[in-house]
Amino acid sequence: MKTKVFLLFFIFLLALPLSCGKGRPSIYKKTKPFMDTLVTITVVAGSDEQANRTIDKAFSVIEQFGDKINFFSDKSELSAINRNAGATPVKVSPDTLGVIERALYISEKSNGAFDPTIGPEMNMWDFFKKIRPSDTAIKKKLSLINYRDIIVDHDRSTVLLRRKGMLMDLGGIAKGYAADLALANLKQNGIGAGIVAAAGDIRAFGLKPDGTLWNIGIKNPRQQSEADELIAKASLTNKAISTSGDYERYFIEDGRRYHHILDPKTGYPAGRCRSVTVISDSGIFADGFSTAVFVSGPEKGMELVREAGSDAVIIDKDGVIHTTPAVKGMVTFESGH
Amino acid sequence: MKAVIRNTTVADRLLFIFLIAASVAGIFISREAMPKGSDVIIEIGGKTAYTFALDTDRTFSVPGPLGVTIVEIKGRKVRVKEAHCHNRLCEKQGWVARGAIVCLPNRVVISVGGKADNTPKGIDAITG
Chain A
4 MKTKVFLLFF IFLLALPLSC GKGRPSIYKK TKPFMDTLVT ITVVAGSDEQ
54 ANRTIDKAFS VIEQFGDKIN FFSDKSELSA INRNAGATPV KVSPDTLGVI
104 ERALYISEKS NGAFDPTIGP EMNMWDFFKK IRPSDTAIKK KLSLINYRDI
154 IVDHDRSTVL LRRKGMLMDL GGIAKGYAAD LALANLKQNG IGAGIVAAAG
204 DIRAFGLKPD GTLWNIGIKN PRQQSEADEL IAKASLTNKA ISTSGDYERY
254 FIEDGRRYHH ILDPKTGYPA GRCRSVTVIS DSGIFADGFS TAVFVSGPEK
304 GMELVREAGS DAVIIDKDGV IHTTPAVKGM VTFESGH
Chain B
633 MKAVIRNTTV ADRLLFIFLI AASVAGIFIS REAMPKGSDV IIEIGGKTAY
683 TFALDTDRTF SVPGPLGVTI VEIKGRKVRV KEAHCHNRLC EKQGWVARGA
733 IVCLPNRVVI SVGGKADNTP KGIDAITG
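From first to last, the protein sequence lines are chains A and B. Residues 4 to 340 (the working numbering) make up the first sequence, in order. Residues 633 to 760 (the working numbering) make up the second sequence, in order.
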């Protein structure tokens, strides 16, 4: 009898160290470069193995999508569309069609404040080499900018740019779309909580292992030092967040800032805002939308945000902060802002 | 020795086996908890080009569309010693023990420890 008791106790003691430690969820994070930026995927997983496996699968989804819409690669579906502008419709895969349809939707909703046909204007700028086009060159290309000239045939899955010389650039919307694909893939593979961050386009879902919300920092558009990096912190989950800012790619010449968010109506960098952060339940109303709001300015931009049922933090050209009411419950601003 | 074993009860022997098992298990558990040897991963144009151990000092050059980037590993830290991109932000970043150094114009990304974690404390991600 005693032996049996000891045997049971012994088995129990043996099982104890084997069961504890394994399966306790932790946060894992990995970063890889895609689409000319760094993509970080954070997951709550039970093991190294699960985290690596699911993150790598999600990275693979992003890589494949990035290859299809790469503006700089001749092999991409996007380049095929651009090469055949004014000529033939190009058959594209579902994801490419999907991101173009999203771009068209936002273009329409924002009345052209976001316009993916901005390519010919974008091409003339080089923010690293500080090259900007002449006023004449800018005016000349304006006639090629019009999202209404993107012809999509849903039945045939084709896209045609109506006029020769048109160029579609999906940079303003692709990262967020990629984040959505990655998010869906993570969930499909059993991940219940995490973050997909493609540069500033972020999707947060689920809760951290301690049951708290994810903390997303919002960059200070006029950061002076490392201590000054963030202007606010958003605590949330199950949201898409996107920021468009005039401090990401820019140069200053003769006291004037030239940055990469061009106004499709003028061809010049939009000047009404320093940064716009949109917080939405859906990725559709995040990325291209933050660009549209940025270009539209604080008043018109805020209207767009309200119509979409989203929230936003808009920092206008003078540094004044405008927010939707619900932001107060989600976002805390750093002292001094 | 045989006398010792003969004098133990079944319970004694089971306890002894358990203690051995627990000690052995402890070695594996603590090994998992130790930080693994870190790598320095160099990616060019989005593809992994080189992997070096962080604990071996070396200087090497990485080709890119805008020219060669000279990278130095020393004392378990990495820096871009010399770059040929326009703004040389990657050089200005200095020595890095964890995280990443990126030269976007040259499409070079140097990741230390496989995790590019540059976020401040208490923040899970940064938008903007």
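Even for Gly, the Cβ is constructed at its ideal location relative to N, Cα and C. These figures come from a predicted structure and were not determined experimentally.
- Residue-level contact by beta carbon fails for A/Leu-307 and chain B, as no gap is shorter than 8 Å.
- The beta carbons of B/Gly-760 and A/Ile-148 sit about 26 Å from each other, so the pair does not count as a contact at 8 Å.
- Residue pairing by DSSP puts A/Phe-208 in a beta bridge opposite A/Gly-197.
- Secondary structure note for A/Asp-70: it is in no beta strand (DSSP E), and the uninterrupted alpha helix (DSSP H) holding it is 51 to 71.
- Here A/Ser-285 has Ala-243 as same chain residues with Cβ atoms under 7 Å from its own Cβ, once five neighbours each way along the sequence are excluded.
- A/Val-296 sits in a helix when the DSSP states are folded into three classes.
- When DSSP states are grouped into helix, strand and coil, A/Asn-85 belongs to the helix group.
- When the beta-carbon positions are compared, B/Ile-649 and B/Val-672 stay at least 8 Å from each other.
- The count of Cβ pairs closer than 8 Å, one atom from the stretch 186 to 194 of chain A and one from the stretch 118 to 127 of chain A, stays below three, leaving the stretches out of contact.
- The shortest CA-to-CA distance from A/Lys-320 to any of A/Asp-290, A/Glu-80, A/Gly-248 is the one to A/Gly-248.
- The alpha carbon of A/Asp-138 has as its nearest neighbour, out of A/Ile-219, A/Ala-88, A/Met-127, the alpha carbon of A/Met-127.
- By the Cβ-count criterion, A/Val-102 is buried, with 16 or more other Cβ atoms from all chains shown falling within 10 Å of its own Cβ.
- A/Ser-110: member of the alpha helix (DSSP H) spanning 97 to 112, first to last residue.
- Cβ-Cβ distances below 7 Å link A/Ser-113 to Ala-295, Ser-299, Leu-307 in the same chain, with the five nearest sequence neighbours on each side left out; the list follows chain order.
- Within 10 angstroms of the beta-carbon of A/Thr-43 lie 16 or more other beta-carbons, which makes it buried.
- In the three-state DSSP reduction, B/Arg-711 falls in the strand class (E or B).
- Counting only residues of its own chain and dropping the five nearest sequence neighbours on each side, A/Ala-181 has a CB closer than 7 Å to the CB of Met-38, Ile-65, Phe-68, Gly-69, Ala-201.
- A/Pro-272 is bridged by DSSP to A/Leu-265.
- Per DSSP, reduced to three states, the secondary structure at A/Pro-119 is helical.
- B/Pro-697 and B/Arg-739 do touch by the CB rule: their CB atoms are close to 6 Å apart, below 8 Å.
- Neighbours of A/Pro-212 in chain B, taken as residues at a C-beta separation under 8 Å, are lacking, since the least C-beta distance is about 12 Å.
- Scanning A/Asp-118, A/Glu-229, A/Gly-89, A/Asp-152 for the CA closest to the CA of A/Lys-167 turns up A/Gly-89.
- Here the alpha carbons of A/Thr-161 and A/Ile-324 stand approximately 42 Å from one another.
- As the crow flies, the alpha-carbon of A/Ala-106 is around 48 Å from that of B/Asp-689.
- Chain A places no beta carbon closer than 8 Å to that of B/Val-703, leaving this residue out of the contacts.
- The residue among A/Pro-28, A/Glu-104, A/Phe-130 with its C-alpha nearest the C-alpha of A/His-263 is A/Phe-130.
- Residue-level contact by beta carbon fails for B/Asp-671 and chain A, as no gap is shorter than 8 Å.
- The beta carbon of A/Asp-231 sits closer than 6 Å to the beta carbons of Asn-223 from its chain, once the five residues preceding and following it are set aside; these are given in chain order.
- Of the residues A/Arg-260, A/Gly-322, A/Ala-237, the one whose Cα lies closest to the Cα of A/Ile-282 is A/Ala-237.
- Among the CB atoms of chain A, one or more fall inside 8 Å of the CB of B/Asn-719.
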